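>
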Amino acid sequence: MRRNAGRRGRALWLQVPLPFLLSLFRGALPDQIRYSIPEELSKNSVVGNLAKDLGLDVRDLPARKLRVSAEEKYFTVNLESGDLLVGDRIDREQICGKKPLCILDFDTVAENPLNIFHVAVTVQDINDNIPRFKQSQIDLKIRESTPPGTAFPLDPALDSDAGPNSLQRYHVNDNEYFDLAEKQTPDGCKYPELILKHSLDREEHNVHQLVLTAVDGGDPPQSGTTRIGIQVTDANDNPPVFSQVVYRVTLRENVPLGFSVLQVTATDRDEGTNADIIYSFHNVDERVEHFFNLDKRTGEITTKDDLDFEIANSYTLSIEAKDPGDLAAHCIIQIEILDENDCAPEVIVTSAYTPLPEDSPPGTVIALIKTRDRDSGENGEVYCHVLGNAEFILKSSSKNYYKLVTDRTLDREEIPEYNVTIMATDRGKPPLSSSISITLHISDVNDNAPVFHQASYLVHVAENNPPGASIARVSASDPDLGPNGSVSYAIVASDLEPRVLSSYVSVSAQSGVVFAQRAFDHEQLRAFELTLQARDQGSPALSANVSLRVLVGDRNDNAPRVLYPALGPDGSALFDTVPRSAEPGYLVTKVVAVDADSGHNAWLSYHVLQASEPGLFSLGLRTGEVRTVRALGDRDAARHRLLVAVRDGGQPPLSATATLLLVFADSLQEALPDLTHGPTPSDPQAELQFYLVVALALISVLFLLAVILAIALHLRHSSSPAAWGCFQPGLSSRSGSGVLPNCSEGTLPYSYNLCVASQSAKTEFNFLNVTPELARPQDLLCDDASWVPSTNHGDAGVPFPSDTILKQAPPNTDWRFSQAQRPGTSGSQNGDETGTWPNNQFDTEMLQAMILASASEAADGSSTLGGGAGTMGLSARYGPQFTLQHVPDYRQNVYIPGSNATLTNAAGKRDGKAPASGNGNKKKSGKKEKK
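So for the sequence shown, the working numbering puts the first residue at 2; every next one is plus one.
#1: Can you give me the C-alpha to C-alpha distance between A603 and V553, rounded to a whole angstrom?
#2: Indicate whether I34 and L51 have their beta-carbon atoms separated by less than 8 Å.
#3: Does the beta-carbon of K323 have 16 or more other beta-carbons within 10 angstroms, so that it is buried, or is it exposed?
#4: Just how far apart, CA to CA, sit Y587 and V609?
#5: Taking the alpha carbon of E337 as the point to measure from, which residue in E311, H331, L201 has its own alpha carbon closest?
#6: Under the three-state reduction of DSSP, which class applies to A724: helix, strand or coil?
#7: Enumerate, from N- to C-terminal direction, the unbroken beta strand (DSSP E) stretches of 3 or more residues contained entirely within the segment 696-722.
#8: To the nearest angstrom, how far is it from the Cα of A426 to the Cα of S397?
#9: How big is the Cα-Cα spacing for S399 and I117?
#10: Can you tell me whether DSSP reads P811 as helix, strand or coil?
#11: If you measure between the beta carbons of C332 and Q245, is that distance less than 8 Å?
#12: Would you identify the three-state DSSP class for L769, choosing helix, strand or coil?
#13: Rounded to whole angstroms, what's the CA-CA distance from P257 to F293? Just pull it up for me.
#14: Please check the pair A993 and L155, which I expect to be a contact at CB under 8 Å, by giving their CB distance rounded to whole angstroms.
#15: Just to confirm the assignment: which complete alpha helix (DSSP H) runs, minimum length 4, are found wholly within the segment 343-403?
#16: Report the three-state DSSP secondary structure of N113 (helix, strand or coil).
#17: Does DSSP classify I96 as helix, strand or coil?
#18: Under a Cβ-count criterion, where at least 16 other Cβ atoms within 10 Å of its own Cβ denotes burial, should Y692 be classed as buried or exposed?
#19: Pop quiz: K297 and S319 are said to be a contact at Cβ under 8 Å. What is the actual Cβ separation, rounded to whole angstroms?
#20: Using three-state DSSP, classify K932 as helix, strand or coil.
#21: Could you say which of R474, F521, Y505, S503 lies nearest to Q511 if we only look at CA atoms?
#22: Does the Cβ-Cβ distance between V645 and S656 come in under 8 Å?
#23: Helix, strand or coil: how does DSSP classify K53 here?
#24: Is D343 near G378, with beta carbons less than 8 Å apart?
#25: Should D577 go down as buried or exposed, given a rule of 16 or more other Cβ atoms within 10 Å for buried?
#26: Three-state secondary structure (DSSP) at N239?
#27: Count Cβ pairs between the segment 120-133 and the segment 204-213 that sit closer than 8 Å; are there 3 or more?
#28: Put D861 into one of helix, strand or coil per three-state DSSP.
#29: Tell me whether E379 counts as near the ligand NAP, meaning its Cβ is closer than 7 Å to at least one heavy atom of that ligand.
#30: Find the nearest neighbour of D306 within the set S478, S261, V124, judged by alpha-carbon distance.
#31: Excluding five sequence neighbours on each side, which residues of the same chain lie with their C-beta closer than 7 Å to the C-beta of L308?
#32: Helix or strand or just coil, what does DSSP make of Q33?
#33: Going straight from the alpha carbon of L705 to that of V630, what length do you get?
#34: May I have a chain-ordered list of the beta strand (DSSP E) segments no shorter than 3 residues that lie completely inside the segment 242-312?
#35: Considering only their Cβ atoms, is the gap separating D537 from N485 smaller than 8 Å?
#36: Of all the options P240, L526, S315, which has the alpha carbon lying nearest to the alpha carbon of I278?
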């Protein structure tokens with residue numbers, strides 16, 4: 002108990018001043034903290050206040066996570082006080098063996114921020130081991146002839162302590178014959194030698210008993226004893242002699258088992274059995290006998306086990322050669338072990354930061370790496386590098402520490418996980434290496450906006466679609482995870498009005514499917530464009546837009562509509578006159594029809610369903626032009642009826658019918674009786690319509706006569722009694738072969754112009770047959786009401802002197818159709834069957850006449866010359882001032898054969914072209930004046 006108390010007090014004395022002394026030298030050793038403690042301290046004993054010595058605040062220790070490196074098991078850190086504590090039993094002899102200085106080097110790690118501190122603890126030896134001899138009894142045989150001064154080496158005592166506490170001296174009990182001397186081996190180990198002081202006499206005293214004592218330098222000192230038994234034998238005068246006293250050998254640590262290290266040789270000058278020598282190890286450590294083998298006959302030393310430089314770098318062997326007379330010689334063999342690069346470096350990960358956000362900046366510390374190699378010299382120098390990952394690099398921190406940091410920005414969408422392999426290689430020859438892998442997970446941030454799979458979307462939807470049907474689907478992807486990659490869809494803009502957008506389309510926020518909320522009508526809405534947005538659920542949210550264009554396709558849901566010939570107010574068909582002298586190919590009339598559909602669905606064709614004389618007229622398949630096939634014969638009837646069907650190109654096709662009444666006559670007066678006395682039609686409704694037309698024509702003539710008479714009476718009282726008036730834009734006067742130059746032909750086809758002379762006693766209604774030379778694409782205007790022709794009593798016609806003709810003013814073109822505004826007929830005036838858009842003004846004039854005639858029959862029953870007869874009944878409202886701005890434009894619906902396009906409103910490309918004069922003449926030649 003007293004020994005333990007003294008030992009503990011001495012330990013505390015050593016512990017207290019050493020930190021104080023180290024604090025004085027800390028400026029010289031800024032990179033390492035040093036402590037000194039005695040061995041065998043109890044667990045949780047305080048080594049020193051590590052936090053204070055490191056300059057750390059005790060309150061910050063839990064956050065800083067100050068700790069000892071994982072490979073050090075002897076010490077721990079108290080996070081409450083910052084003290085460095087003993088964590089396990091420290092046996093200096095077990096840790097450092099016989100080393101004079103026992104230092105435990107380890108590292109302490111502090112996080113937040115990351116710092117490494119190097120600590121060195123010197124373990125002081127205490128006198129806890131007593132010297133011990135391997136044998137409790139030593140037996141010696143000494144010949145009586147041994148001369149005084151002969152030394153007999155004895156086995157040394159073993160003391161595991163070091164420094165002053167180790168073995169210090171030997172002594173033997175007082176006797177007459179022997180004395181004791183202390184010797185020291187080259188490695189510093191002391192051993193006793195028994196020296197003969199006086200010659201022995203076996204006959205007088207053959208046995209001697211001595212006590213050998215070994216004493217250490219402890220306080221108090223400790224000792225161990227062994228007994229020496231000496232037997233005096235008969236004389237063998239010559240001991241063996243070694244060739245060398247000390248042998249030195251160098252071995253590599255990787256020599257194989259059984260390798261011959263050395264063969265020692267001793268000689269004896271005696272003869273016979275006294276010269277037989279036996280070799281043996283003498284006073285060697287147990288480790289020597291574990292690694293080396295000695296042949297007792299030959300003296301050859303061989304390896305017995307694998308040598309390891311890291312365990313021991315040198316060995317000292319003591320060899321004894323003894324003859325049968327127990328005369329012995331001793332030699333020392335010093336074996337030096339050379340290091341081989343047989344230890345691969347070790348890589349230790351002390352801390353790792355995972356998962357790592359993908360937006361971490363370059364230079365972010367991921368892990369702290371420590372390396373070590375048990376080899377020495379260049380074999381123990383280690384360098385590290387990262388294999389195969391250019392995103393990471395190693396930076397040397399201090400000593401054998403490295404920081405694994407990022408070298409560039411990471412992208413989880415490209416690589417969500419990294420296996421970072423760190424290889425440590427020493428500088429030996431050949432070099433050895435080892436590696437360790439760190440699995441690094443990358444956490445997601447919202448750094449990717451949704452991306453649509455197409456740059457834009459184009460969808461074709463047929464009209465009359467069912468409401469609620471899916472018409473398109475947009476799809477966007479977001480490579481992010483979780484809410485960052487969850488995409489929703491919405492409509493953010495459209496060329497439709499915002500108040501009606503929701504009634505047309507909607508989009509599913511989850512699937513991106515676009516639904517039609519109503520049935521589309523190609524004739525009302527042909528295309529519209531939406532801007533769809535894909536938006537993720539990240540914070541902040543990211544989005545992308547894409548355009549979706551919806552083209553509403555046409556279906557054949559509109560039947561053709563016949564514009565000309567139009568029906569009268571009572572529903573009866575109108576008639577056209579054909580000159581009796583019409584030649585084959587004469588253009589009689591033209592069926593004008595339009596279709597609100599487009600493409601093939603608006604490509605019209607004309608077919609004759611019924612004809613009173615099948616071989617007399619032909620009908621253009623695409624143009625709708627009715628022409629004479631042959632000249633009128635004497636036996637042919639004057640009145641003919643054609644039933645025409647207009648079909649579109651849809652599947653199935655839709656159609657409309659038109660009835661053409663054609664009368665061969667040279668004037669209206671000739672046509673009317675023919676119509677009156679013609680054969681009674683088989684259809685009672687047709688007969689009724691005929692009478693209505695005649696009655697309306699007569700009423701119109703009477704009304705016109707009354708108007709002319711009133712105007713004539715008015716002019717008679719005017720200041721120019723010879724003045725002529727031009728009353729109706731659609732009327733002109735002709736006498737003989739004279740032509741009224743100031744009354745030009747209007748753009749309305751089949752218009753009947755009448756001019757009345759106020760001084761003429763006889764008024765005659767003449768229907769002009771405009772010759773090709775006089776046919777012009779001009780408005781029907783009379784520029785000067787005071788124009789007076791010269792009087793010729795010898796003819797019904799009135800000659801017009803050239804000097805009295807006033808020059809006509811330019812026509813007013815404001816009310817005409819431009820080429821871009823002309824309704825879309827399905828044929829051309831040129832007589833071709835290709836169905837191309839008409840390139841002359843005649844078709845436009847005819848179409849205007851049809852529309853005006855139809856409007857007049859519905860709005861006014863007081864037209865002149867028979868208001869019910871479409872082409873004959875004209876009123877002042879159909880003059881040049883009448884505009885057709887409410888007529889639908891069907892040009893874009895007309896299909897061009899051989900092309901997948903339809904005509905568009907290309908205003909200005911074809912406007913202003915002069916019409917073909919021949920076509921205009923042919924159209925009006927059916928209304929000739931009465932000869």
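Just so it is clear, CB atoms sit at the ideal spot from N, CA and C, and this is done for glycine as well.
Note that this is a predicted model, so its numbers are computed, not measured.
Taking the geometry as given:
#1: Within the sequence shown, residue 603 is the residue found at index 602, counting from 1. Within the sequence shown, residue 553 is the residue found at index 552, counting from 1. Cα-Cα distance, rounded: 16 Å.
#2: Taking the sequence shown and counting its residues from 1, the one referred to as residue 34 is at position 33. Taking the sequence shown and counting its residues from 1, the one referred to as residue 51 is at position 50. Contact flag set, yes.
#3: Taking the first residue of the sequence shown as 1, we reach residue 323 at position 322. By the 10 Å Cβ count, K323 comes out buried.
#4: Reading the sequence shown from its first residue, position 586 is the one you call residue 587. Reading the sequence shown from its first residue, position 608 is the one you call residue 609. Going from the Cα of Y587 to the Cα of V609 covers about 18 Å.
#5: Position 336 of the sequence shown, counted from the first residue, corresponds to residue 337. It is E311 whose Cα lies nearest to the Cα of E337.
#6: Against the sequence shown, residue 724 aligns to sequence position 723. With a pLDDT of 40 at A724, under the threshold of 50, the predicted position of this residue should be treated as unreliable, and no value is reported.
#7: none
#8: On the sequence shown, position 425 is the one that residue 426 refers to. On the sequence shown, position 396 is the one that residue 397 refers to. Here residue 426 turns out to be Thr, not Ala, going by the sequence shown. So the two alpha carbons sit approximately 14 Å from each other.
#9: Your numbering for residue 399 matches position 398 in the sequence shown. Your numbering for residue 117 matches position 116 in the sequence shown. Distance between the alpha carbons of S399 and I117: 8 Å.
#10: As a first step, residue 811 must be located in the sequence shown, where it is residue number 810. Its pLDDT being 41, under 50, P811 is placed unreliably in this model, and the value from its coordinates should be taken loosely. In this structure, P811 counts as coil in the three-state DSSP scheme.
#11: One-based indexing of the sequence shown puts residue 332 at position 331. One-based indexing of the sequence shown puts residue 245 at position 244. The answer is yes: Cβ separation under 8 Å.
#12: Counting from 1 along the sequence shown, the entry for residue 769 is found at position 768. In this predicted model, L769 has a pLDDT of only 33, less than 50, meaning its place in the structure is not dependable; the value taken from the coordinates is given anyway. Here L769 sits in coil by DSSP.
#13: Locating residue 257 in the sequence shown gives position 256, where the first residue counts as 1. Locating residue 293 in the sequence shown gives position 292, where the first residue counts as 1. Rounded to whole angstroms, P257 to F293 spans 12 Å at the Cα level.
#14: The structure shown does not extend to residue 993, since the chain is modelled only from 2 through 932, so no value can be given for it.
#15: If one requires a minimum length of 4 residues, no alpha helix (DSSP H) run lies completely within the segment 343-403.
#16: Looking up residue 113 in the sequence shown gives position 112. In the structure shown, N113 falls within a coil segment according to DSSP collapsed to helix, strand and coil.
#17: As a first step, residue 96 is located in the sequence shown; it is residue number 95 there, counting from the start. Helix at I96.
#18: By 1-based counting over the sequence shown, the position of residue 692 is 691. Exposed, since its Cβ has fewer than 16 Cβ neighbours within 10 Å.
#19: What you label residue 297 is simply residue 296 of the sequence shown in a count that begins at 1. What you label residue 319 is simply residue 318 of the sequence shown in a count that begins at 1. K297 to S319, Cβ: 15 Å. No contact.
#20: Mapped onto the sequence shown, residue 932 falls at position 931. With a pLDDT of only 30 at K932, under the threshold of 50, the placement of this residue in the model should not be trusted; the figure read from the coordinates follows. Three-state DSSP puts K932 in coil, outside helix and strand.
#21: Here residue 511 refers to the residue found at position 510 of the sequence shown. For Q511, the nearest C-alpha among the options comes from R474.
#22: The residue you call residue 645 lines up with position 644 of the sequence shown. The residue you call residue 656 lines up with position 655 of the sequence shown. Cβ atoms of V645 and S656: not closer than 8 Å.
#23: Sequence index remark: in the sequence shown, residue 53 carries index 52 (1-based). Helix, per DSSP.
#24: Position 342 of the sequence shown, counting from 1, holds the residue named residue 343. Position 377 of the sequence shown, counting from 1, holds the residue named residue 378. Cβ distance not < 8 Å, so D343 and G378 don't count as in contact.
#25: As a working mapping, residue 577 is identified with position 576 in the sequence shown. So D577 counts as buried.
#26: Numbered from its first residue, the sequence shown carries residue 239 at position 238. The three-state reading of DSSP puts N239 in coil, since its state is none of H, G, I, E or B.
#27: Touching, no, given that fewer than three Cβ pairs across the two stretches are closer than 8 Å.
#28: As a first step, residue 861 must be located in the sequence shown, where it is residue number 860. Low per-residue confidence applies at D861: pLDDT is 41, beneath 50, and the placement is therefore not dependable, though the value from the model is reported in the following sentence. Correct three-state label for D861: coil.
#29: Ligands in the displayed structure: none, and consequently the ligand NAP is not present.
#30: Numbered from 1 along the sequence shown, position 305 holds the residue referred to as residue 306. Out of S478, S261, V124, S261 has the C-alpha closest to the C-alpha of D306.
#31: To locate residue 308, count along the sequence shown from 1; it is residue 307. Taken in chain order, the residues that qualify are L252, E254, V256, F292, I338.
#32: As a working note, residue 33 is residue 32 in the sequence shown. If DSSP states are grouped into helix, strand and coil, Q33 belongs with the strands.
#33: What you label residue 705 is simply residue 704 of the sequence shown in a count that begins at 1. What you label residue 630 is simply residue 629 of the sequence shown in a count that begins at 1. One alpha carbon belongs to L705, the other to V630, and they sit about 37 Å apart.
#34: 247-253, 261-264, 279-282, 293-295, 301-304
#35: Here residue 485 is taken as the residue at index 484 of the sequence shown, counted from 1. Here residue 537 is taken as the residue at index 536 of the sequence shown, counted from 1. Yes, these two residues count as a Cβ contact at 8 Å.
#36: Start at 1 with the first residue of the sequence shown, and residue 278 comes out as number 277. I278 has its Cα closest to that of P240, out of P240, L526, S315.
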